[in-house]
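Undergrad: Just passing along the structure, written as structure tokens.
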Amino acid sequence: MITYQGISKIFENGETFILRRHDDKSGLNFHSAVEIIYIKSGRLEVNLNGATFVASEGDIVVVNPTTLHGYSKVTNALDYYFLMISDEFLEQNNLYDKDSYFSPLVKSEKLNQIYQDIIDEYECKNERYETAINGLIISMFVMLNREYKTVKLDEFNRYNKTTQMVRLAIYYISEHYKEKINVCEIANNLHFSKSYLSHAFKEITGYSIIEYVNLLKCHNAKALLLDGHTASEVSNELGFSDLSYFTRIFKKVMGVTPSDVKKS
596 MITYQGISKI
606 FENGETFILR
616 RHDDKSGLNF
626 HSAVEIIYIK
636 SGRLEVNLNG
646 ATFVASEGDI
656 VVVNPTTLHG
666 YSKVTNALDY
676 YFLMISDEFL
686 EQNNLYDKDS
696 YFSPLVKSEK
706 LNQIYQDIID
716 EYECKNERYE
726 TAINGLIISM
736 FVMLNREYKT
746 VKLDEFNRYN
756 KTTQMVRLAI
766 YYISEHYKEK
776 INVCEIANNL
786 HFSKSYLSHA
796 FKEITGYSII
806 EYVNLLKCHN
816 AKALLLDGHT
826 ASEVSNELGF
836 SDLSYFTRIF
846 KKVMGVTPSD
856 VKKS
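Sequential numbering from 596 applies to the sequence shown in this note's numbering.
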């Protein structure tokens with residue numbers, strides 16, 4: 596499922612950074628924070644605005660703000676970290692210019708060591724480890740600004756019109772998926788051609804717009820069902836025309852019926 600992550604949802608507790616370890620694929624998403632991936636072992640296919648490349652052990656991937664991105668496993672054995680840094684922290688320390696664009700794939704022993712130091716501090720959690728990590732992040736971005744700032748390449752351009760259109764569509768759907776929306780309505784509200792938007796959305800995300808709307812509805816439906824709501828209540832809440840249609844779409848998308856979810 597593709598998601599738009601607002602800053603308030605990512606850094607809801609006022610953190611300056613978020614560090615996570617991962618060993619699987621990641622669905623397409625985008626946000627205004629800078630995200631930095633470190634491949635500890637294995638190989639990872641990276642999708643940035645519809646363009647793909649493979650990152651291997653020791654590589655660092657920089658996801659520039661608002662880039663539509665996702666990851667797929669190339670090898671079964673995979674271990675990688677992702678580090679997200681808040682806009683506010685970068686701006687306060689003059690580390691990121693809105694016109695900045697960092698190279699998406701970086702090979703650097705120095706940056707690898709800084710990233711590993713961040714991981715060590717985070718996992719050991721010694722006294723004032725967060726302050727230590729903030730200092731290491733500053734060092735990381737000083738190096739990125741000095742050595743890895745680049746001109747915007749078309750395939751990774753965060754201002755690319757097509758990917759910007761798809762991001763706007765995803766954001767619109769995330770705000771209106773509970774309503775009975777259709778492709779024409781989305782295209783009209785965003786002032787794009789229906790056929791152009793449909794083709795671009797499928798090409799970049801792998802989903803048709805309707806498939807994505809139903810995917811978003813069904814994932815949220817499952818959460819509501821597990822929270823104790825009836826199938827009828829969920830159907831009405833999420834804008835399905837009737838209960839039987841909701842049940843049919845839910846089974847198609849999720850592989851189980853709403854009643855199966857309730858039983859589990």
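Heads up, the beta-carbon is just placed ideally off N, CA and C, and yes, glycines get one too.
Tell me whether residue 822 sits in a helix, a strand or coil according to DSSP, three-state version.
TA: Residue 822 falls in the coil class under three-state DSSP.
Undergrad: Where does residue 751 fall in DSSP's three states?
TA: Only weak support exists for where residue 751 lies, its pLDDT of 48 falling under 50; the value from the coordinates is given anyway. Residue state, collapsed to three classes: helix.
Undergrad: Report, in whole angstroms, the separation of the C-beta atoms of residue 789 and residue 782, which I expect to be a contact under 8 Å.
TA: Contact flag correct, Cβ pair sits at about 4 Å.
Undergrad: Assign residue 616 to one of three DSSP states: helix, strand, or coil.
TA: Strand at residue 616.
Undergrad: Taking the alpha-carbon positions, what's the residue 821 to residue 699 distance?
TA: Rounded to the nearest angstrom, the two C-alpha atoms are 39 Å apart.
Undergrad: Taking DSSP as the reference, what is the three-state secondary structure of residue 677?
TA: Looking at residue 677 - three-state DSSP - the assignment turns out to be strand.
Undergrad: Might you give, ordered along the chain, the residues of its own chain that have their beta carbon closer than 7 Å to the beta carbon of residue 761, omitting 5 neighbours on each side?
TA: Within the same chain, residue 761 has close Cβ partners 663, 795, 796, 799 and 800.
Undergrad: Please return the same chain residues whose Cβ sits closer than 6 Å to the Cβ of residue 749, not counting the five positions on each side in sequence.
TA: Confidence at residue 749 is low in this model, with a pLDDT of 48, below 50, so the placement of that residue should be treated as unreliable; the coordinate-derived value is given next. Cβ within range, chain order: n/a, list empty.
Undergrad: Spell out the partners DSSP gives residue 633 in its beta bridges.
TA: In the DSSP output, where bridge partners are listed per residue, residue 633 has 655 and 676.
Undergrad: Checking 8 Å against the spacing of the C-beta atoms, do residue 833 and residue 816 come in under that value?
TA: Their beta carbons are under 8 Å apart, which means residue 833 touches residue 816 by this criterion.
Undergrad: Among 806, 657 and 837, which has the Cα closest to the Cα of residue 644?
TA: It is 657.
Undergrad: Pull up the distance between the alpha-carbon of residue 686 and that of residue 692, whole angstroms please.
TA: Looking at the two C-alpha atoms, the distance is approximately 8 Å.
Undergrad: For residue 631 and residue 766, what's the separation of their Cα atoms in angstroms?
TA: Rounded to whole angstroms, residue 631 to residue 766 spans 23 Å at the Cα level.
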